[in-house]
Amino acid sequence: MSTISHSDDLRRGLPMVEARDPEALERERRVLREINARPHFWQRWKSYWGLSGPGWVQSALTLGAGSAGSAIFAGAVYGYKLLWVQPVAMFLGVMMFAAIGHQLLVTRARPYDVFWKKLHPSLALLWGFNVLLASIVWQFPQYSLGTAVFKDIFDVFGINMPKGLIALVLLVFGTTVCWGYGRGSRKAVRVFERILKYLLLLMVLSFLLVVIKTGVDWIETLKGYFSFHIPRSREGITIVLGQLGAAVGVNMTFLYPYTMLARGWGKEHRRLKNFDLGTSMFLPFVLSTSFVTIACANTLYARGIKVQDAVDAAHALEPLVGLTFGRLIFSFGILSMCFTTLVIEMLICGFVLSEMFSFEPRGWAYRASTMLANIGILGAFYKMPLWLPVMTSSFNLLMMPAAYICFFILQNKKSYLGQEVNRGIKGTVWNIILVVAILVVAAGAVIKVLSALG
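Residues 604 to 1057 (our numbering) are what the sequence shown spells out, left to right.
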């Protein structure tokens, strides 16, 4: 017997996949029931790997220009000391996303509709507007850094590529990958996720090769992860806040549940969801940012070299670890970061506008919506106006804890989740973790606002 009443008028699922692939969905559910019945976790995990996907999409979004810059500065300025920040930030983010995933899988209701009807229409509009604005504004640095790194790679071979041509290449390839997601089938969604998976694995491998070349101080690495060093300087606090902010953004709170709906996931996928968050979201983020931080600590920090951005870092690494490893491998890793994030920002714009204007995320209406993010191509040619990221950051700083609080309320709302509300010790532990996550993002918002005013 169902423990949740579906008598309300919430919109559930995405017809883009369920109307076209019902047999494939049912086959996957049968396979999952068989996998979930296996007695040993390693037997389940081996099979989960091939079925994972939404977590890779989140990794592709969060591993962008912001994460790259934060990791570079952390390693160049503080060495190994701030290795703990991004794993902690991502752990709290993953815990909140596990709660969001729980709500989605047991209700299969579209979150924008839930915010509108179960909380308040103003919250839904504010959430959607913030996510849309963030996805447009944060596209600027993806094009800016992506174009600069791409150009630097060609410079190694003595080829002078115009910025306009490089930006156009990023636009065309990004659009091709993104539009594949809206073709209206689970197969297209799976292909999209696999492309992101391979790009992310390439990214992790690129940074790993640089770390192998530079070496690792294992004692300092352990201290970096477990000493929880907090800088006292304003610059240090800014770097820590930048890392915390780059780990999970407000647009991810919108994207994650819709990527699960696009796969047709339901209650049978709950264990797979947890595996997916751990292996596809947490691990790639922690490994990539840690490798970048360690590489910069071994080289830039150890020699007191100051850098301004990822291109400077690649140039600084060249005489220390060689041309191939210093400039090409490191730059390819950064380029993968920017490209995957660029694609996902387009995807988010498509999802947000389709929900706000009530059309399905497929066809030409969806494709046109994704292109709104590419206003950010101007970032390849011009510096973003100072007021634009400041305004966007201000909105996002307020909306991030607000979005977390909304999902926390829904997690404990029996009229929404019914008997699926977490109770007892398990429910208490979950609530404590979620409250800590809310307090961390709220504290980060307050400190950053005060820092800006000061």
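For every residue, glycine included, the Cβ atom is placed at its ideal position computed from N, Cα and C. Since the model is a prediction, treat every value here as computed from it, not as a measurement.
What are the start and end residues of the alpha helix (DSSP H) that includes residue 913? Here residue 913 refers to the residue found at position 310 of the sequence shown. Element bounds for residue 913: 913-924.
What is the C-beta distance between residue 944 and residue 745, in whole angstroms, given that I count them as a contact (C-beta under 8 Å)? On the sequence shown, residue 944 is found 341 positions in, with the first residue counted as 1. On the sequence shown, residue 745 is found 142 positions in, with the first residue counted as 1. Confirmed, Cβ separation roughly 5 Å.
Just how far apart, CA to CA, sit residue 710 and residue 941? What you label residue 710 is simply residue 107 of the sequence shown in a count that begins at 1. What you label residue 941 is simply residue 338 of the sequence shown in a count that begins at 1. When rounded, the distance between both Cα atoms is 34 Å.
Hey, how far is the Cα of residue 1048 from the Cα of residue 775? On the sequence shown, residue 1048 is found 445 positions in, with the first residue counted as 1. On the sequence shown, residue 775 is found 172 positions in, with the first residue counted as 1. Approximately 36 Å, taken between the alpha carbons.
Is residue 637 buried or exposed, if buried means 16 or more other CB atoms sit within 10 Å of its CB? What you label residue 637 is simply residue 34 of the sequence shown in a count that begins at 1. Exposed, because fewer than 16 other Cβ atoms sit within 10 Å of the Cβ of residue 637.
Per the contact definition of three or more C-beta pairs closer than 8 Å, is the stretch 721-729 in contact with the stretch 909-926? no
Output the distance between the C-alpha atoms of residue 901 and residue 810, rounded to the nearest integer angstrom. Locating residue 901 in the sequence shown gives position 298, counting from the first residue. Locating residue 810 in the sequence shown gives position 207, counting from the first residue. When rounded, the distance between both Cα atoms is 13 Å.
Using only alpha-carbon positions, find the residue among 691, 1023 and 1027 that is nearest to residue 873. Counting from one through the sequence shown, the residue named residue 873 turns up at place 270. Nearest of 691, 1023 and 1027 to residue 873, Cα basis: 1023.
Proximal residues to residue 796 (C-beta, below 7 Å), its chain only, five neighbours per side dropped: Stepping through the sequence shown from its first residue, residue 796 is reached at position 193. Around residue 796: 656, 659 and 660.
Do the stretch 911-923 and the stretch 825-836 meet, that is, are 3 or more Cβ pairs less than 8 Å apart? no
Determine whether the beta carbon atoms of residue 914 and residue 748 lie at a separation below 9 Å. Position 311 of the sequence shown, counted from the first residue, corresponds to residue 914. Position 145 of the sequence shown, counted from the first residue, corresponds to residue 748. Contact flag set, yes.
Mind reading off the beta-carbon distance from residue 952 to residue 738? Whole number of angstroms is fine, and I expect it under 8 Å. Taking the first residue of the sequence shown as position 1, residue 952 is located at position 349. Taking the first residue of the sequence shown as position 1, residue 738 is located at position 135. So it is a contact: roughly 5 Å between Cβ atoms.
Between which two residues does the alpha helix (DSSP H) carrying residue 647 extend? The count along the sequence shown starts at 1 and reaches residue 647 at position 44. That run of the alpha helix (DSSP H) goes 644-654.
Quick check: the stretch 833-840 against the stretch 675-687, are at least 3 beta-carbon pairs closer than 8 Å? yes
Given that a residue counts as buried once 16 or more other Cβ atoms are within 10 Å of its Cβ, and exposed if not, what is residue 1039? What you label residue 1039 is simply residue 436 of the sequence shown in a count that begins at 1. Flag for residue 1039 reads exposed.
Are the CB atoms of residue 889 and residue 690 nearer to each other than 9 Å? Taking the sequence shown and counting its residues from 1, one reaches residue 889 at position 286. Taking the sequence shown and counting its residues from 1, one reaches residue 690 at position 87. Their beta carbons are under 9 Å apart, which means residue 889 touches residue 690 by this criterion.
For residue 1045 and residue 702, the rounded distance between their alpha carbons: Taking the first residue of the sequence shown as position 1, residue 702 is located at position 99. Taking the first residue of the sequence shown as position 1, residue 1045 is located at position 442. Rounded to the nearest whole angstrom, the CA to CA distance from residue 702 to residue 1045 is 18 Å.
Under three-state DSSP, which class holds residue 636? Working through the sequence shown from its first residue, we reach residue 636 at position 33. Residue state, collapsed to three classes: helix.
Under three-state DSSP, which class holds residue 930? Locating residue 930 in the sequence shown gives position 327, counting from the first residue. Here residue 930 sits in helix by DSSP.
Just to confirm my understanding: we take residue 617, look at its own chain, exclude 5 residues before and 5 after, and list those with CB closer than 6 Å. What are they? Counting from 1 along the sequence shown, the entry for residue 617 is found at position 14. Answer for residue 617: 864 and 865, listed in chain order.
Do the stretch 876-891 and the stretch 801-818 touch if we need at least three Cβ pairs shorter than 8 Å? In short, these stretches touch, since the Cβ pair count reaches three.
Looking at the unbroken alpha helix (DSSP H) that takes in residue 689, where does it start and where does it end? Counting from 1 along the sequence shown, the entry for residue 689 is found at position 86. It spans 688-710 - the alpha helix (DSSP H) in which residue 689 sits, taken as one unbroken run.
Classification of residue 967 by the beta-carbon crowding that lies within 10 angstroms, buried from 16 upward: Counting from 1 along the sequence shown, the entry for residue 967 is found at position 364. In summary, residue 967 is exposed, with fewer than 16 beta-carbon neighbours lying within 10 Å of its beta-carbon over all protein chains present.
Just checking my contact of residue 816 with residue 704 at CB under 8 Å: how many whole Å lie between their CB atoms? To locate residue 816, count along the sequence shown from 1; it is residue 213. To locate residue 704, count along the sequence shown from 1; it is residue 101. Not confirmed; about 38 Å, so no contact.
Pair within 9 Å by beta-carbon distance, residue 885 and residue 697: For the purposes of this step, residue 885 is taken as the residue at position 282 of the sequence shown. For the purposes of this step, residue 697 is taken as the residue at position 94 of the sequence shown. Going by C-beta atoms, residue 885 is nearer than 9 Å to residue 697.
Taking only the alpha-carbon atoms, compute the straight-line gap between residue 626 and residue 751 and give it to the nearest angstrom. Against the sequence shown, residue 626 aligns to sequence position 23. Against the sequence shown, residue 751 aligns to sequence position 148. If I take the Cα positions, the gap works out to 46 Å.
Nearest-angstrom beta carbon gap, residue 675 and residue 899 [assumed within contact, 8 Å]: In the sequence shown, the residue the question calls residue 899 occupies position 296. In the sequence shown, the residue the question calls residue 675 occupies position 72. So it is a contact: roughly 5 Å between Cβ atoms.
Taking just the CA atoms, how far does residue 982 sit from residue 754? For this step, residue 754 is matched to residue 151 along the sequence shown. For this step, residue 982 is matched to residue 379 along the sequence shown. Straight-line Cα distance between these residues: approximately 14 Å.
Evaluate residue 768 with the Cβ neighbour count: other Cβ atoms within 10 Å of its Cβ, from every protein chain shown; 16 or more gives buried, anything less gives exposed. Position 165 of the sequence shown, counted from the first residue, corresponds to residue 768. Its Cβ having fewer than 16 others within 10 Å, residue 768 is exposed.
Residue 968 lies in the alpha helix (DSSP H); which residues open and close that run? Mapped onto the sequence shown, residue 968 falls at position 365. Counting along the chain, the alpha helix (DSSP H) containing residue 968 begins and ends at 966-973.
DSSP three-state call for residue 584: helix, strand or coil? Since the displayed the chain opens at 604 and closes at 1057, residue 584 lies outside it and no answer follows.
Do you know offhand how far residue 757's Cα is from residue 670's? Against the sequence shown, residue 757 aligns to sequence position 154. Against the sequence shown, residue 670 aligns to sequence position 67. Roughly 24 Å separates the two Cα atoms.
Out of curiosity, what's the CA-to-CA distance linking residue 606 and residue 880? To locate residue 606, count along the sequence shown from 1; it is residue 3. To locate residue 880, count along the sequence shown from 1; it is residue 277. With a pLDDT of 47 at residue 606, under the threshold of 50, the modelled position of this residue cannot be trusted, and the question is left open.
Compute the Euclidean distance between the alpha carbons of residue 1034 and residue 1041, then round it to the nearest angstrom. Taking the first residue of the sequence shown as position 1, residue 1034 is located at position 431. Taking the first residue of the sequence shown as position 1, residue 1041 is located at position 438. Taking the straight line joining both Cα atoms gives about 10 Å.
Under the three-state reduction of DSSP, which class applies to residue 723: helix, strand or coil? In the sequence shown, residue 723 corresponds to position 120, counting from 1. If DSSP states are grouped into helix, strand and coil, residue 723 belongs with coil.
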